[in-house]
Amino acid sequence: MVVSFLGIVQPGSEDHGLPELNVPGTFAMMQKGVDEVSVSVVKEDSGVDAGCGVAASGSRCSSVSGSSPLDSDMKGQESGGSDDHLKKTKKGIILNPQPSECKKDPLNWPIWRRDIALVCVGWHCFVGGGQTSMLASGFSKLSAELQVPLSQISYLVGPMMLSLGVGSIFASPTAVLFGKRLVYLVGILIFMIGSIGCACSTSFNWLLISRVVSGFGLSTVESLPSATIAEIYFAHERAYRLGIYTLLLLGGKNLVPLLGSLVFEHLSTHWLFWILTIIAGSNFVLHLLFVPETFWDRTPVPNKRSLHETRIARQVRGLSENVSIATVRSTRLNPRESAGHVNDDGVPVGLTDESNAQEAETGSKTRAHIKSISEKQMAIGLGIYHGRHTIDNWCMVMLRPFVLFSYPAILFGAWLYAYAVVSLIIISQVIDHAYKDIYGFSSASVGLVYIAPFIGGCLGSLIAGRGSDVNTRLLAAHNHGIYEPEFRLFMVLPAVLCNAIGLLGFGWSLERQDHWIIPSIFFGVLGFGSSMCSTTAITYAVDSYKEFSQEALVTLNMVKNILGFAVSFFNVKFCLHEGYKNAFTCYALIEIFIGLWAIPLYRWGKLCRSWTNRKNLLQFSYRVNDDGKDEKDNHTER
1 MVVSFLGIVQ PGSEDHGLPE LNVPGTFAMM QKGVDEVSVS VVKEDSGVDA
51 GCGVAASGSR CSSVSGSSPL DSDMKGQESG GSDDHLKKTK KGIILNPQPS
101 ECKKDPLNWP IWRRDIALVC VGWHCFVGGG QTSMLASGFS KLSAELQVPL
151 SQISYLVGPM MLSLGVGSIF ASPTAVLFGK RLVYLVGILI FMIGSIGCAC
201 STSFNWLLIS RVVSGFGLST VESLPSATIA EIYFAHERAY RLGIYTLLLL
251 GGKNLVPLLG SLVFEHLSTH WLFWILTIIA GSNFVLHLLF VPETFWDRTP
301 VPNKRSLHET RIARQVRGLS ENVSIATVRS TRLNPRESAG HVNDDGVPVG
351 LTDESNAQEA ETGSKTRAHI KSISEKQMAI GLGIYHGRHT IDNWCMVMLR
401 PFVLFSYPAI LFGAWLYAYA VVSLIIISQV IDHAYKDIYG FSSASVGLVY
451 IAPFIGGCLG SLIAGRGSDV NTRLLAAHNH GIYEPEFRLF MVLPAVLCNA
501 IGLLGFGWSL ERQDHWIIPS IFFGVLGFGS SMCSTTAITY AVDSYKEFSQ
551 EALVTLNMVK NILGFAVSFF NVKFCLHEGY KNAFTCYALI EIFIGLWAIP
601 LYRWGKLCRS WTNRKNLLQF SYRVNDDGKD EKDNHTER
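Numbered by our numbering, the letters in the sequence shown go through residues 1 to 638 in order.
Structure, rendered in structure tokens:
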């Protein structure tokens, strides 16, 4: 175990006596005996400090998920070989993952086509993200129309957030098995049905049920976009695009209430939901025309020569044929973990022992045939259904987000993201009553207050996206060109500090009844910090476990929605009973407590990623044979 220049503790292999298992997050960038997929390996010499994050722990290769070369020159120095065969940008940045030669590969799409798909998905996220706070400026009006207490009106938020989480649990495995395009379109249709129900509602219970249906349909905006971005953009492009996604998602929470306030002021509440129905219909058309299926099979297909060289290399090194360093993850169409990793022989992970190599040799033709079928299906592009993408069991895939709670990087990202978003929900539940009672604002005036967090959110997304990319490039330059996901955590502490200041300032200024501009400014500071926290949490989770990006986002949003559901039942009463000052002080202290966990995670995060790979907790959810047997029943003991 070695501590690097910037304090990241590096996993070592000396305790195992064998080459270290691949740690989730390492991207493969160097081709050795693998057809159609380029893979990378980071060579480390014993006793060498690799800079700010990748210190040497042994003479053998250590492939770490999330750690990837960003510069071709530095990468060539690390590997000791030429990287001319790798595809790079004009600036010399190695493309990660390496795109295939097929033009239908989403990574080979023109940038304008990928950005149009992102804008269409982002617009739907903007509309969907604002649904939980859309009624913020109309709580008093709804309370009078439906003849229910103000605290009961807040229940229109919590159950909808819970349905968002439940919907994600169903949407994610369905998208893994059958593709995201189908799930996006079905989700929009369900959202339309729920919006029509809200527009026709005449009682609180009817409105509540319709909101729950809408939330179930909108679950796609929280569970799928990060995986879509990971599939159509390279690693060095993702943070900026994820920043755009979080900007639109959180921007909806800030601007949709503003637009809703205008409807509450000049039209009936039913018109608000009829307008939503029209927007949902337009979103369906946009997705139908401009958001094709982004799935692409990147399964490495080993050739016979590479398998033969593998056996010779192992015999020369005198290793036992019975030793299995790592197992093949699965033969499903969308490989999550084995793709893109190699060991010190330059052999794809899972092909290190002779028995596994023989299995891969007999199965390579099958995988090549499956790949050709996938490419043919992608030819239709805008088709709604492209067939089954994996042989995995739906129920097993559904369990993956729950297992990811045991992954420290995902767990921290979930709480950081959840509390940042819920902080905005907390204010949305009390802002209507507070501003109307203290400042005498109308519904439209309350809606205009949301301009402040929207501006703050735009700035936060810009800094957390572009700023984080620049920061990680600088840190990678000190780390021999190797990128570590923990570099993203540098943005956490300033983001959390902004959130805490925003919460404290908002609560204290309302308690003191300062001029309305004061709490509004602090609301903007909170929007800035929340956007930074959200972008950083999602980017860190995706970069650490790109192979589980879709399931990771489900985990993040599951925590957010459950937390929002719980808070909605006591937040209004808590603020009115304890006062805004005491209530928001408690909320700020919780924010600081969560943010401080970034410090130990930065230091030991890489060890945590190594631990999750060794434990392989998600192994049970994969299949390797058409007979449906689990992977663990088909491989030798590790």
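Beta carbons are placed, not taken as given, at the ideal position from N, Cα and C, and that holds for glycine.
- Here Ile426 really is in contact with Asn571; their C-beta atoms are around 6 Å apart, less than 8 Å.
- Counted as a single uninterrupted DSSP element, the alpha helix (DSSP H) harbouring Asn254 occupies residues 235-266.
- Sequence-distant Cβ neighbours of Ala414 in its own chain, meaning closer than 7 Å and more than five residues away, are Thr555, Leu556, Val559.
- Between Ser143 and Ala444, the C-beta spacing is not below 8 Å.
- Following the DSSP letters along the chain, one finds Arg113 inside the alpha helix (DSSP H) bounded by residues 111-129.
- Of the candidates Tyr580, Thr536, Leu526, the residue whose Cα lies closest to the Cα of Thr246 is Thr536.
- In the three-state scheme derived from DSSP, where H, G and I count as helix and E and B as strand, Tyr417 is classed as helix.
- With a cut-off of 8 Å on Cβ pairs, the stretch 253-260 is not in contact with the stretch 152-164, counting fewer than three such pairs.
- Rounded to the nearest angstrom, the gap between the Cα atoms of Gly251 and Ala418 is 16 Å.
- Residue environment analysis places His515 among the exposed positions, since fewer than 16 neighbouring C-beta atoms fall within 10 angstroms of its C-beta.
- Between Leu164 and Asn561, the C-beta spacing is below 8 Å.
- Beta-bridge partners of Ile94 (DSSP): Lys88.
- When the beta-carbon positions are compared, Asp392 and Arg623 come within less than 8 Å of each other.
- Under the three-state reduction of DSSP, Arg623 is assigned to strand.
- Shown here, Phe441 sits in coil according to DSSP, grouped into three states, outside any helix or strand.
- Val119 and His270 have their C-alpha atoms spaced approximately 28 Å apart.
- In the DSSP annotation of this structure, the continuous segment of the alpha helix (DSSP H) that includes Tyr184 starts and ends at 180-200.
- For Cys458, the three-state secondary structure derived from DSSP is helix.
- Within the same chain, and ignoring the five residues on either side of Leu248 in sequence, the residues whose Cβ sits closer than 6 Å to its Cβ are Gly122, Cys125, Phe126.
- Around the beta-carbon of Lys91, fewer than 16 other beta-carbon atoms lie within 10 Å, marking it exposed.
- Measuring C-alpha to C-alpha distances from Ile521 to each of Ala230, Glu486, Gly502 identifies Gly502 as the nearest.
- Counting along the chain, Phe405 sits inside no alpha helix (DSSP H), nor does DSSP assign it H or E at all.
- Excluding sequence positions up to five before and after Gly447, its CB lies within less than 7 Å of the CB of Ser137, Pro257, Leu258, Gly260, Ser261, Leu262, all in the same chain and listed in chain order.
- For Ile384, the number of other beta carbons within 10 angstroms of its own is below 16, and it is reported as exposed.
- Between Phe191 and Ala117, the gap from beta carbon to beta carbon reaches 8 Å or more.
- Taken atom to atom, the span from the alpha-carbon of Ser428 to that of Leu576 is near 14 Å.
- The alpha-carbon separation between Leu424 and Gly524 amounts to approximately 10 Å.
- Inclusion of Thr585 and Ser468 in the CB contact set at 8 Å is not warranted, their separation being larger than that value.
- By the Cβ neighbour-count rule, Ile431 is buried, with 16 or more other Cβ atoms within 10 Å of its own.
- Comparing alpha carbon positions, the residue from Pro408, Ala420, Gly579 closest to Ser544 is Pro408.
- With a 10 Å radius around the Cβ and a threshold of 16 neighbouring Cβ atoms, Glu231 comes out buried.
- Selection Pro292, Gly129, Gln98 evaluated against Ser214 yields Gly129 as nearest (Cα-Cα).
- Contact annotation: Phe454 and Asn254 have beta-carbon atoms nearer than 8 Å.
- The beta carbons of Phe234 and Leu95 sit closer together than 8 Å.
- Bounds of the alpha helix (DSSP H) holding Phe565 are 549-567.
- The beta carbon of Phe506 lies closer than 7 Å to those of Ile427, Pro519, Phe522, Phe523, Leu526, Phe584 in the same chain, with the five residues before and after it left out.
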